[in-house]
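Be aware that the sequence shown starts at 1441, since it is given in our numbering, and climbs by one per residue. Glycine included, every Cβ here is placed at the ideal spot set by N, Cα and C. First up is the structure itself, then whatever we jot down about it.
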Amino acid sequence: MNLLVTGGAGYIGSHTVYSLIEKGYGVVVADDLQTGHIEAVHNDAKFYCGNIQDTNFLDDLFKLEKIDAVIHFAANSLVGESMTSPIKYYENNVYGTMMLVKSMIKNNVHNLVFSSTAAVYGEPENIPIKEDDKKLPTNTYGETKLAIENMLKCVSCAHDFKFTALRYFNAAGAHKSACIGEAHKPETHLIPVVLETVKGKREFVTIFGDDYETKDGTCIRDYIHVSDLAQAHILAVEYLKNNNESNIFNLGNGVGFSVKEVIDTCRKVTGHPIPVRIEKRRTGDPAVLVASSSKAKSILGWQPEYTSPDTIVQTAWNWHKNQRYN
Ligand code: UDP
């Protein structure tokens, strides 16, 4: 099977490309390299540099390559930036996906795996969160991903088109080879920020709020290894091929860790003291986000492998120690 991976030079995209190639799939990557890294693209993937908003670029690609399904990562994904630059997020995420889907339909490509997010839920009513729970995003990033999911539902009713949306909780860690890993500019995610402090790139870690109603006052998140997310994408492609029906799945470990617990794990794994400063809450941050992934486990047969926080942080640290690209 031949797959197009948009955003295949990004963090989760590049890990999915590695897993696809390990499993023998043919992979074509489309990425405009605005936030992605050419060094992250697997040598055995065919690479096209371009933006998914450019329908001529996509139409040409679909004519040149025989594509059986698309895995779509290309997007902006920083919660804080989405609050200050909402139009950028609607343009790159919502409009970009519209153009991709338009081109897929025109070129008879019927299956899409879409990168969604836990941010579609907003402040949850129940923990762990299930797929049918209330969706009321607290930030623009989550709003754009929910708008896309709704669009995909309408498109799949009107056309010969099926999708799976995968709602990731907190992606973390790096490939076991340490060849690829997380590298954002600016870096805002907790684990890489903490590891940059260990490397001396930052003086301290800022904890955004210690007055939440949680066990130690800091936010609780469900950290899921990026290679486990990659496996879920492969299962989602196979699900579409075998069942020809659309569906939505949460992807997390089902266990929550506080910001302070994550920093303690980083201290343990790296053997470094990590200074912290407490600041006020970051806007748009819900107190607790923990997934129920029982649907992905029972329907897709997904079984995450790297579930311990120590292993997740260790793989991230192995990458950060010899980071090949920034
Ligand atoms: N966080 C923090 N300091 C940082 C970065 C993140 O306290 O420098 C907190 C953030 O408020 C959230 C958690 O760590 O509660 C995870 O944030 P991240 O940005 O990694 O992922 P998000 O949950 O926003 O997708």
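Distance between residue j and residue i (C-alpha atoms, nearest Å)
| i | j | result |
| --- | --- | --- |
| residue 1713 | residue 1707 | 6 Å |
| residue 1647 | residue 1628 | 12 Å |
| residue 1487 | residue 1449 | 9 Å |
| residue 1716 | residue 1463 | 42 Å |
| residue 1756 | residue 1618 | 8 Å |
| residue 1672 | residue 1740 | 8 Å |
| residue 1735 | residue 1720 | 36 Å |
| residue 1675 | residue 1600 | 21 Å |
| residue 1630 | residue 1709 | 15 Å |
| residue 1592 | residue 1467 | 23 Å |
| residue 1666 | residue 1608 | 10 Å |
| residue 1544 | residue 1550 | 7 Å |
| residue 1557 | residue 1724 | 14 Å |
| residue 1443 | residue 1510 | 6 Å |
| residue 1602 | residue 1552 | 7 Å |
| residue 1763 | residue 1621 | 8 Å |
| residue 1477 | residue 1616 | 18 Å |
| residue 1606 | residue 1522 | 20 Å |
| residue 1517 | residue 1682 | 30 Å |
| residue 1704 | residue 1613 | 16 Å |
| residue 1696 | residue 1582 | 20 Å |
| residue 1692 | residue 1500 | 36 Å |
| residue 1766 | residue 1611 | 18 Å |
| residue 1598 | residue 1512 | 20 Å |
| residue 1524 | residue 1580 | 9 Å |
| residue 1576 | residue 1742 | 27 Å |
| residue 1685 | residue 1677 | 11 Å |
Check: residue i C-beta below 8 Å from any heavy atom of ligand 1
| i | result |
| --- | --- |
| residue 1648 | yes |
| residue 1485 | no |
| residue 1729 | yes |
| residue 1630 | yes |
| residue 1687 | no |
| residue 1423 | The structure shown does not extend to residue 1423, since the chain is modelled only from 1441 through 1766, so no value can be given for it. |
| residue 1702 | yes |
| residue 1578 | no |
| residue 1559 | yes |
| residue 1638 | no |
| residue 1722 | yes |
| residue 1656 | no |
| residue 1659 | yes |
| residue 1572 | no |
| residue 1516 | no |
| residue 1693 | no |
| residue 1753 | no |
| residue 1510 | no |
| residue 1762 | no |
| residue 1725 | yes |
| residue 1709 | no |
| residue 1690 | no |
| residue 1533 | no |
| residue 1666 | no |
| residue 1610 | yes |
| residue 1633 | yes |
| residue 1645 | yes |
| residue 1481 | no |
| residue 1677 | no |
| residue 1469 | no |
Opposing strand residues paired with residue i [DSSP bridges]
| i | result |
| --- | --- |
| residue 1486 | 1468 |
| residue 1735 | According to DSSP, residue 1735 bridges with nothing at all. |
| residue 1728 | 1660 |
| residue 1511 | 1445 and 1553 |
| residue 1645 | 1716 |
| residue 1698 | 1660 |
| residue 1665 | 1612 |
| residue 1605 | 1554 and 1688 |
| residue 1562 | 1576 |
Near ligand 3: residue i beta-carbon under 8 Å from a heavy atom
| i | result |
| --- | --- |
| residue 1685 | This structure lacks ligand 3; its bound ligands are ligand 1. |
Restricting to runs no shorter than 4 residues, where is the alpha helix (DSSP H) found entirely within the stretch 1521-1552? 1526-1529 and 1536-1546
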